[in-house]
Structures are given as structure tokens and as C-alpha cells.
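Trainee: Structure in C-alpha cells, see below.
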Amino acid sequence: MSALALDAAPRPLRLRVSDALYRRRALLILLLLVPPMLWVGAVYVGSLTALLANSFFRLDDFTGQVVREVGFGNFAALLQGANVDVVLRTVTMALVVTGACIVLALPIAWYMARHASGTRKALLYLAIMLPLWSSYLVRLYAWKLLLAKEGAISWVLAKLHLSWLLEALLAAPVVGGHSLSFSPLGTFVVFVYLWLPFMILPIQAAFERVPASLVEASGDLGAHPAATFWRVVFPLAVPGIAAGSIFTFSLTLGDYIVPGVIGDSSMFIGQVVSLQQGTAGNVPLAAAMSLVPIAVIALFLWGAKRLGAFDAL
Amino acid sequence: MIPTVALENVCCEYGAVKAVDGVDLALAAGEFFTLLGPSGSGKTTCLRMIGGFALPTSGRVLIEGRDLTDAPPYARPVNTVFQDYALFPHMNVRDNVAYGLMVRGVAKAERHRRAEQMLELVRLPGAGERRPGQLSGGQRQRVALARALINEPRVLLLDEPLGALDLKLREQMQAELKALQRRLGITFLFVTHDQHEALSMSDRVGVMNRGRLEQVGAPREVYDAPATRFVAEFVGAANLLEGELARRLAEGASCALLRPERIRLGPERGARAAGTVTDSQYFGSFVRLRVQIESATIAVDLHASAGPPPPNGARVGLHWSAAAIHRIENGTEDRR
Amino acid sequence: MRSSAAPASPWLRVSAWTVVAFLHVPLALIVLYAFSAEDQSYVFPPPELTLRWFAVAWNDRPDVWRAIWLSLEVAAYSTGIALVLGTLAAGALARTQFFGREAISLLLILPIALPGIITGISLRSAYSTLGIPFSFWTIVLGHATFCVVVVFNNAVARLRRASPSLIEASMDLGADGFQTLRHVILPQLASALLAGGLLAFALSFDEVIVTTFTAGQQTTLPIWMLAELVRPRQRPVTNVVAVIIIALTFVPILAAYYLTRADEHGAR
């Protein structure tokens, strides 16, 4: 019969378990959390801690084994010339890429939030989402094709009689290189391309949250649309910009594939970590090096939190 | 006579807040009982403790004499109509209504038949195939009702079910609910903050304030003879006389209630009190005058048939029968 | 915000659509190149168009098909595990308040928030320390870890949107916890889980960094692609494979998008 016959037969096991879990909500939550926490905790956090612990150990030069003694040798090594260069180079690239993404994202985010509606907005949204989720490597590969010496960009510039501009850029110090597809300039363009959707979406979401009535009030009080944008809308969108910057910044900081494929021989943090861990077998140094992006990202996150980025996420 | 539902000295605390503070309540079989009170008064918490959605921190909940304080909702012969109706959006109306039978293993043909019966009872015949999203608020409410009643519960709990409906529909549903309850003969526990609803539908009303039950009684009793200040003011428009005025007009009471509609205007000579008209508001079927008497302002409701009201500044005499004034014993207790 | 009736300034419109073009032209170009007859360089415009390379990829390159198959398998298992773990975590965290809740959310996001290389080398050194040889399962372990959060986010969003009284109503009507799970909670979650699962699948299918460190000798499709990027073997075949990848990730993303939208507008 039904559960209403409480006093009659002893309750079946399923009901007893259900009763117990209903009364003890905490137990239920605990049971739900055990599998995911076990997995993420043991697998991920465990190995992460092991890696970071390694940053304090060192590699014995003779035996090639990791010596498990706490020391700060790796951190000292990080402060040496070549490594400092690498860090500065990577951080600068991350900053420049973030800046470029912001500049490119603002118009389209504003357009999507304010001037597109219905089907057009859905289409635009899809247009941003698809590159975001489609293959990173394929998008990288597409740029390799574009940037190649005989590729599309060179061809277009030649048709526009702007080849001299390309030569000049490539001859420039620091950003120039052998060809577009093997230069920091090329690396920069590809990074911007890859991470742009990550910047557009949070900014667009932030713009959407600005009430239309604020914009109308500003116009009503006599402000020109540009003034309305810079003085009313933009400050309210800063959390969205900060949120997007977190993505572009941390993604650039940790990436080693793009500089490897498109860049010249100058190294980025990710490449150093990869090399040290791989060929050199120097896991302790690699671990210490990987603390740098973690620290930089943590700093960046702190700054972004001050700007309200987490309210936007 | 074992009460259908009994709350024995029930308390429900959330941290430092006492949502329900020592409530004793007994509902008789077949009774339409309303818990009335402002938001935060604990009335919904009481309902949830009877339904099994909240556990009391102390006290007992008895249903037909059995202690079901800790029992989960599915183990109680009680069903609920929720404030937001809580219809399952992924099922059609018929499956919604038949849900209680389905989880108990009733065969499909049988439960579909009974679901159709219930839909006719709530005057929604043939709506079985539709989805909750396609229904209007009033229709969804009927489905929620049918769904709750199909299990033939001993007690039906209704948590402010008419709040989302507009006035005309609300009045119609009030009448329908009352008729339904009479017909089915089961105990209804109705929770609302609307005193008109409470007075018009109930056999008995319990007025709650800040976790305490301030008065329980028939509607007429609660309206004419409120036990506390709070009840007097919440259940209708009230003139609360205090201090010197109360002592003089209400034979030495510290606080007294005089309902505006019980006062008649008349000559100053022979009146119980006299004063000056300061304001009047037109409400269609009556006019509410404000009359200044010494330091207090008294509201007087004049029926429309009494003719045009006196203008502002006019002196008037106020008359009422001895029975119209009601002393409030613990009126000076400050419950605010 | 509501969109304004006033049309956008031409400058704004041009910038917006230019950015859209910027995002999509490179992908369109790959599709074009897949039909190019030229096989030694990336010359533009392609001298001649042909379907030949599709046939070559289909018939002559078993390594491509092995890689695709491995990626599909890894993605399937990772998604499955992520679905279970993500749903459990969402059930615990969506509507509850308890000490440490924020910390747990952060923990779940960490695998995807930290750069892939860190996740990659952590797992790799953990495997070598524990003496676990590289295999199919070492890859799946890594993928499942960052796929969990994708499913988790979708499930939590759905649970938060659902009315809390639905569970109470189900129990009120006589269903115990397990019946409520089966008849009310899971059906509500179904579309969110499907969307989350599709996204997790796409994420796993495309992942290269963590995979490189946890794969040993195995070659998933992204690993194959990466090798081609650095040392191209047969460029046109790479182009063809790129087009296949675009198509394969296009479909689940579109589907997930429509599912999430339908969910928000539809059944309430």
C-alpha cells in the first residue's frame, strides 16, 4: 500500500534511506560531494601540490634525479637574466594582447547590446560563440596559412601596393622577424584572434546590464551619443572588461604553442616550462617557473576583483 | 474529539530569529481554518511545519493524533497547494494531476480516469492534454488544487493561493474554494495576509503576529472582540482609544476599540463625544470622515445612503451603542 | 537592455561587422584551401580547385582516422564521467549554503582557470611519481577533470532557475526522495545536461595542451594536428582534416546553443 500506512508494516529500505537523507540534509550534501571532491581533490589538487612542492626541490646534476630537499635555488635561478627576459616578454605580450582585444571588442559588444535585436542579435551571438568553441588548433592553423609568405595577407598587400609597409614592419626591431608567420608581430595578431571572443562576450553582457533608461536620460540631458558612451556606459562596463581581461591575460601567459608555431626563437614562459620539464628533465625548475604565471594571474585577479570583475562573471 | 491537526507549543527558529514562537493550535475535522497575519508573522512557517517542509526546533506536530513531527512530506496524509502552484512543467495537466497516484503505483487507466474526475471537480474538464505553460493563472490554480485533492488527504494546506490573481478572479475563486470545502468535508488550512479573504471564507480565524498566535476564533468574534491591539488594527479599520479618552469613554479601560462603521453622526447634545470634521474620503459605498476630538482623530464611516457628509470644519456629535465599544485588556502591551 | 530604435552610426556598424569578418574569414579560408590542388605551399589564391585531397584523406591516411577515433573515444568517456561528477556537485551546491561552499566552487573551476600547461605537467609528474604508465585512461583522467566544470555550470544554472517548490510538491504528493529524483529533478535537468555534455565533448575533442603531457604514445586528433603544424607532412590533407574538425565541433555547439535558448524561453 502507500506510505500512509505508517504504523503497519516496517518501512522498506528505500523509504528509510529517503527519510534519513531528508532529515539530515548535511549528510545528503556530503554524499553528493564525495565523488567529485575525491576526483578533483585527489587527482587535480594532489598533483598540483606535488608540482608546487617540486619547486622547492632541485635536480642533482650528476644523477639527474630530483633531490627532495627544500631550497630556494630555483627561485634564484628565475631572477637571472635570461629568465627575467622571458617573463618580461610574456607579460608584455599578455598586456598588449589584452589591450588590443579591449579596443576591438568594444564596438561590436556595444553594437550587439544596443543596436541589434531579435534574429540579428542571435546571429551575432552565434557568430562570436562558434569561433570561441571551435578548435584552437584549427584557428591557429588558419593563421599559419594566412601569414605565410605566399599566403593571403601578402597577396592582398601586394595588390594594394603596400608590400613596402610589410617589409618595414618586419624589419622593425623587437616585433619584426623573418616573415609574418615567424615573428612576435605575427604571434601578437594570432593571440588577439584566438582570445577576442573571450573578451567580447563578458563586455557585451556588461553592456546588456546597463538599463536603457540611463542612456536615454543622458541623451535627454543633452549629451552627444559619444559622450553618453564614454561617461555613462563605459564606466558601468568596466567589470565586464576586467572579466574579459582575466581570460586574455591568463590564456596568453600560459600558452606555449602559439609562440612555438608562429613566433621566432625568443621564448615565452610556457615554452620554458615545457622545455625544462621535458628535454631537460628539470621538473623542479619547471615547477618554479610555472609559479610565475600563477603569481601573475593571482595578482591580476586581485586587481580585477577590485574593479568588480567577479560581479560580472 | 481528536483534532485533525494539532500543533503543541511549536517553535521554529532560524539562527537567532524565532519565526514561530510557541504556537498551540488545534483544527477540527471538516473545518475551514485561516491563518491570518502580515508577512513575517510565521503563518507560512506553521503551514510548512504541518506539511513537513520545515522541521520545528521544539514542540510537536500531530495529525489525527499521530506524532508526525519529523515525518517527511510523503509520509503525511496532508497535501499542499503552493503559492506559485508548482506544476511540473515537463508534464501535461493530466500527468500533473495524476502524479500522486502514479508514484503510488496506481495503474495508468485507473489514474487517468480519476484525474479526469478531479479536473471536472475543479471545473477544468478536458484540459488534460495541455501543458502548464499554456494555462492562465486561474487555470493553473485549479490544476494545483486537483492535483492535491486526488490523494484524498485529511488536510489540505493552501499557501496564499489567490495572491497572484486579480480582484474579480480572486473573489470568484474564494467562493469556489468555500463551496468545494463544504462539498468535500475535509479540513482546509488557508494562509493569507488579506483579512477580507480570511473573514469571508473561514469557520475560524487565527491571527498571527511575529511568531505568536494572538487570537483564534470565529470571524465575527475576531472582528468584534479582538483580544489585542494588533488584532484590532489588522482585521479591519480601527479607532483605538487610549489614555484619558479610553478611561472616559470605555469605563476606565486602558485601551478600547471602536469600529468606524459603528459610529453615527448626530446632534452634539446627548452625544458620547463631539468634535470637528477635518477630512473626508469617498470610497463609493461609504464615506470615511475624520473627526478631531480633543487630542485624538476618530474615523467615522458613513454609509452612502446617509446623504452628503458634513463639510470640513463642521461640529458633529458622535453616537454609538454601549455594545459597540470593546475593551482590549492587554492593549498597552507594545508588540511592535 | 532593450535595443534602441535609433540606427547605429555607420562607423559603429562597420567596426562591428569588420570584427565579425575578422573572426570568420580565416576559417572560411581553410575551407577554401581544402579544395586547393597545390600541395607544396600555402600560396594564395589557390591555383586550381579539386576534391582530390578529400579522397586521399579518406583512403590513404589511416593515421588520421585512428586519431579521430581516439579523440572521439576519449571525449565520450570524459563527457560521461564529467556528467556524473558535474551533476552530483551541482546538486550539492546549487541551492545550499554552507561553510566552504565558495572554496569548493573555486576548486571545480581551477582546472579550467589555470593555464593548461600547469595542469599538464602536474598530472604528468604525478603519473611518473606514482609509476602509472601512460595510456588511454591517463588522457581521460585529465580531460574529465576540466570537463566537470562545464557540466557543473550548466546544471547549476538550470537548478537555480527551477522553482524550489517543485521538489516540495513532488514529496507532498507522496514521492520519496528517489522517486522525486527520477520523475521531477532529472527531467528538469535533462536539457541542461545535454547542453553541458555537448560542450564538454567539444572541449575534450579539441584539447591539446593537457593531452600532450598525459598521452604518452597515443595520438589524438589535436596532437596529430599539432605535429602537422610544426612539421607538415601533406599540407592539403591537413586542410581537409581541419575542415572535418570544424564541421565536427560546429554541430554540437549549435545544438547546445539552441538547447539552452529553448530552455530559457520554453517550458516553465
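Residue numbers (the numbering used here), protein chains in the order written: chain Z, 1 to 313; chain S, 314 to 649; chain Y, 650 to 917.
Where a beta carbon is used, it is the ideal one built from N, C-alpha and C, also for glycine.
Beta-carbon of A399/S versus every beta-carbon of chain Y: anything under 8 angstroms?
Mentor: For the purposes of this step, residue 399/S is taken as residue 86 along the second sequence, with counting starting at 1. It does: the Cβ of A399/S has a partner Cβ on chain Y nearer than 8 angstroms.
Trainee: Quick one: residues in its chain with C-beta nearer than 6 angstroms to the C-beta of Q605/S, no 5 flanking neighbours on either side, listed in chain order?
Mentor: Against the second sequence, residue 605/S aligns to sequence position 292. Closer than 6 angstroms at the Cβ level, and outside the excluded window around Q605/S, lie G588, T589 and T591.
Trainee: When you compare only the Cα positions, how much space is there between E687/Y and G769/Y?
Mentor: Residue numbering aside, residue 687/Y sits at position 38 when the third sequence is read from its first letter. Residue numbering aside, residue 769/Y sits at position 120 when the third sequence is read from its first letter. If I take the Cα positions, the gap works out to 37 angstroms.
Trainee: By Cβ distance below 6 angstroms, which residues in the same chain neighbour A5/Z in space, the five residues on each side in sequence not counted?
Mentor: As a working note, residue 5/Z is residue 5 in the first sequence. Residue placement at A5/Z cannot be trusted, given a pLDDT of 47 that sits under 50; what the coordinates show is reported in the next sentence. So no residue of the chain qualifies.
Trainee: Using the beta-carbon of each residue, which ones in chain S are nearer than 7 angstroms to P836/Y?
Mentor: On the third sequence, position 187 is the one that residue 836/Y refers to. What P836/Y touches in chain S: H403.
Trainee: Leaving out five residues before and five after A905/Y in sequence, what residues of the same chain have Cβ atoms less than 7 angstroms from its Cβ?
Mentor: One-based indexing of the third sequence puts residue 905/Y at position 256. Only A844, L847 and L848 meet the Cβ criterion.
Trainee: Looking at chain Z, is there any beta carbon in it that lies within less than 8 angstroms of the beta carbon of A891/Y?
Mentor: Counting from 1 along the third sequence, the entry for residue 891/Y is found at position 242. Yes, A891/Y lies at the interface with chain Z (some Cβ there is under 8 angstroms from its Cβ).
Trainee: Confirm, please, whether the CB-CB distance from L772/Y to Q867/Y is below 8 angstroms.
Mentor: Here the question's residue 867/Y lines up with position 218 in the third sequence. Here the question's residue 772/Y lines up with position 123 in the third sequence. No, the Cβ-Cβ distance between Q867/Y and L772/Y is not below 8 angstroms.
Trainee: Strictly under 8 angstroms for the Cβ-Cβ distance: is R917/Y near chain S by that measure?
Mentor: Indexing the third sequence from 1 puts residue 917/Y at position 268. With a pLDDT of 38 at R917/Y, under the threshold of 50, the modelled position of that residue is not reliable, and the figure given next carries that caveat. R917/Y counts as touching chain S.
Trainee: Give the range of the alpha helix (DSSP H) segment to which V799/Y is assigned.
Mentor: Locating residue 799/Y in the third sequence gives position 150, counting from the first residue. Where V799/Y is concerned, the enclosing alpha helix (DSSP H) stretches over F785 to R810.
Trainee: Could you name the residues that DSSP lists as bridge partners for S108/Z?
Mentor: For the purposes of this step, residue 108/Z is taken as residue 108 along the first sequence, with counting starting at 1. It is worth fixing the name first, because residue 108/Z is Ile in this sequence and not Ser. Answer is none; I108/Z lacks a bridge partner.
Trainee: What does K331/S pair with, by DSSP beta-bridge criteria?
Mentor: As a position in the second sequence, residue 331/S is number 18, starting the count at 1. Paired residues: E326/S.
Trainee: If we count the other Cβ atoms within 10 Å of its Cβ and call it buried at 16 or more, is S598/S buried or exposed?
Mentor: What you label residue 598/S is simply residue 285 of the second sequence in a count that begins at 1. Result: exposed.
Trainee: So R389/S and G418/S are supposed to be a Cβ contact under 8 angstroms. How far apart are they, rounded?
Mentor: What you label residue 389/S is simply residue 76 of the second sequence in a count that begins at 1. What you label residue 418/S is simply residue 105 of the second sequence in a count that begins at 1. The Cβ separation is near 19 angstroms, so there is no contact.
Trainee: With distance defined between alpha-carbon atoms, name the residue in S250/Z, P211/Z and F75/Z nearest to V233/Z.
Mentor: Indexing the first sequence from 1 puts residue 233/Z at position 233. V233/Z has its Cα closest to that of P211/Z, out of S250/Z, P211/Z and F75/Z.
Trainee: Are T317/S and T500/S closer than 8 angstroms when you measure CB to CB?
Mentor: Position 4 of the second sequence, counting from 1, holds the residue named residue 317/S. Position 187 of the second sequence, counting from 1, holds the residue named residue 500/S. Yes, these two residues count as a Cβ contact at 8 angstroms.
Trainee: Whole angstroms are fine: how far does the CA of L842/Y sit from the CA of A916/Y?
Mentor: One-based indexing of the third sequence puts residue 916/Y at position 267. One-based indexing of the third sequence puts residue 842/Y at position 193. Confidence at A916/Y is low in this model, with a pLDDT of 43, below 50, so its placement is unreliable and no value can be given for it.
Trainee: If you run the structure through DSSP and keep just helix, strand and coil, what is V91/Z?
Mentor: Walking along the first sequence from the start, residue 91/Z turns up at place 91. Of the three classes helix, strand and coil, the one that applies to V91/Z here is helix, per DSSP.
Trainee: So, is D19/Z buried or exposed, given that buried needs 16 or more other C-beta atoms within 10 angstroms?
Mentor: For this step, residue 19/Z is matched to residue 19 along the first sequence. So D19/Z counts as buried.
Trainee: The alpha helix (DSSP H) with L462/S in it runs from where to where?
Mentor: In the second sequence, the residue the question calls residue 462/S occupies position 149. Note, L462/S: alpha helix (DSSP H), G450 to L462.
Trainee: Which value, in whole angstroms, describes the spacing of the CA atoms of A538/S and P369/S?
Mentor: Numbered from its first residue, the second sequence carries residue 538/S at position 225. Numbered from its first residue, the second sequence carries residue 369/S at position 56. Each residue's Cα considered, the two are about 31 angstroms apart.
Trainee: Consult DSSP for V273/Z and reduce its assignment to one of helix, strand or coil.
Mentor: Within the first sequence, numbered from 1, the residue matching residue 273/Z stands at position 273. DSSP places V273/Z in helix when its eight states are reduced to three.
Trainee: Using a Cβ-Cβ cut-off of 7 angstroms (strictly less than) and excluding sequence neighbours within five positions of A127/Z, which residues of its own chain qualify?
Mentor: By 1-based counting over the first sequence, the position of residue 127/Z is 127. Nothing meets the Cβ criterion.
Trainee: Do we get a CB-CB distance below 8 angstroms when we pair A3/Z with the residues of chain Y?
Mentor: Here residue 3/Z is taken as the residue at index 3 of the first sequence, counted from 1. Because the pLDDT at A3/Z is just 45, under 50, the model does not fix this residue reliably, and the value given afterwards should be weighed accordingly. Yes, A3/Z counts as interfacial toward chain Y.
Trainee: Okay, do the stretch 111-131 of chain Z and the stretch 282-294 of chain Z touch, 3+ Cβ pairs below 8 angstroms being the bar?
Mentor: These segments do not touch.
Trainee: For E722/Y, which residues from the same chain have a beta carbon less than 6 angstroms from its beta carbon, with the 5 sequence-adjacent residues on both sides left out?
Mentor: What you label residue 722/Y is simply residue 73 of the third sequence in a count that begins at 1. Hits under 6 angstroms: none found.
Trainee: Is Q430/S near the ligand ADP, in the sense that its beta carbon is under 7 angstroms from a heavy atom of that ligand?
Mentor: This structure simply doesn't include the ligand ADP, nor any ligand for that matter.
Trainee: Answer yes or no: do A864/Y and F748/Y have a C-beta to C-beta separation smaller than 8 angstroms?
Mentor: Numbered from its first residue, the third sequence carries residue 864/Y at position 215. Numbered from its first residue, the third sequence carries residue 748/Y at position 99. Result no, Cβ atoms of A864/Y and F748/Y do not sit closer than 8 angstroms.
Trainee: Quick one: Cα of H509/S to Cα of M486/S, how far?
Mentor: Stepping through the second sequence from its first residue, residue 509/S is reached at position 196. Stepping through the second sequence from its first residue, residue 486/S is reached at position 173. Going from the Cα of H509/S to the Cα of M486/S covers about 13 angstroms.
Trainee: Can you list the residues of chain Y that Q277/Z reaches, using a CB-CB cut of under 7 angstroms?
Mentor: The sequence position of residue 277/Z within the first sequence is 277, counting from 1. Within 7 angstroms Cβ-Cβ: I770.
Trainee: Where A706/Y and V889/Y are concerned, what is the direct C-alpha to C-alpha distance, given to the nearest angstrom?
Mentor: Numbered from its first residue, the third sequence carries residue 706/Y at position 57. Numbered from its first residue, the third sequence carries residue 889/Y at position 240. Rounded to the nearest angstrom, the two C-alpha atoms are 7 angstroms apart.
Trainee: Kindly provide the ranges of any alpha helix (DSSP H) runs that are 4 or more residues long and lie completely inside the stretch 489-535 of chain S, ordered along the chain.
Mentor: Segments of the alpha helix (DSSP H) lying fully in the stretch 489-535 of chain S: 508-514.
Trainee: Reducing DSSP to helix, strand and coil, say where T869/Y ends up.
Mentor: As a working mapping, residue 869/Y is identified with position 220 in the third sequence. In the structure shown, T869/Y sits in coil (DSSP, three-state: anything other than H, G, I, E or B).
Trainee: Rounded to whole angstroms, what's the CA-CA distance from G583/S to E377/S? Just pull it up for me.
Mentor: Along the second sequence, one-based indexing puts residue 583/S at 270. Along the second sequence, one-based indexing puts residue 377/S at 64. One C-alpha to the other measures close to 56 angstroms.
Trainee: What residue from L678/Y, I788/Y and L822/Y has the CA that sits closest to K144/Z's CA?
Mentor: On the first sequence, residue 144/Z is found 144 positions in, with the first residue counted as 1. Among L678/Y, I788/Y and L822/Y, the Cα nearest to that of K144/Z belongs to L678/Y.
Trainee: Alpha carbon to alpha carbon, how far is Q80/Z from L132/Z?
Mentor: For the purposes of this step, residue 80/Z is taken as residue 80 along the first sequence, with counting starting at 1. For the purposes of this step, residue 132/Z is taken as residue 132 along the first sequence, with counting starting at 1. Each residue's alpha carbon lies about 37 angstroms from the other.
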